[in-house]
Structures are given as C-alpha cells and as structure tokens.
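The sequence shown runs -10 to 85 under the numbering used here. Backbone N, C-alpha and C define an ideal beta-carbon position, used for all residues, glycine too. As the structure is a prediction and not an experimental result, all values here were calculated from the model. Below is one structure, written out as structure tokens, with a few remarks after it.
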Amino acid sequence: MCLPTGLASLPAAVPVKKRLSVPPSGIDVFEPPLHGSVLAEVEITGDDEVRAFVPSPECLAEVTDDARFTGGKLVRASRSEVLAGPADRGIRPGSS
C-alpha cells in the first residue's frame, strides 16, 4: 500500500486484540474495553468451501454481514455496544 506523505503518521484508532491462528480460522481475542469479545474469521473462496464449512460449536453467531462487527465500528464501540449484537440474536454472555 502506498500512502501520501504524512498520511501514514496520522493518529488512528486501533483495536487491542490478540490474533490467534487456528486453521482454518484467525481468531481475535479482544482486550479492554472489548474484553470477552472473540471473533473468528475464515477465508472462504468458493461455493464448495461454503457448503463444506462447519463452524465450531463455540461459534454462536454469523456476523459477516453485520456492520457492527467491522473493524472500523469495533474500534469505536463500547463493550455494551458489542454485546448488543449477539443479544439481538438472543445470545447472552455465558450462554451457548
């Protein structure tokens, strides 16, 4: 990526998280203020992979198309705002 001079040094909000590699997933474990939030990301390139993919039982909700879970939204969200996404689906912390 090539950025105009000075643009790369502008302040930016960055989520605090640890990225774990658990093939076929990349798993983000968030630290405060989003502590307790965990997102798994899987790269799927074709229809056959979509049909064959079986999420882990620990996966509680599919959030691919939920704008609240994009990096730009997460970096500005409070923990309660992030928890509202699963709550909209009837999922509460500690439930499975």
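Beta-ladder partner(s) of residue i, from DSSP
i, result
"E30", "G15"
"R8", "D17"
Proximity below 8 Å, CB of residue i to CB of residue j
i, j, result
"V52", "V3", "no"
"I16", "A29", "yes"
"F58", "G74", "yes"
Contact belief for residue i with residue j at Cβ below 8 Å, rounded distance in angstroms
i, j, result
"L23", "R68", "6 Å"
Report task. Give, in chain order, every unbroken run of the alpha helix (DSSP H) that is at least 4 residues long and sits entirely within the stretch 39 to 76. Result -> 60 to 63, 68 to 76
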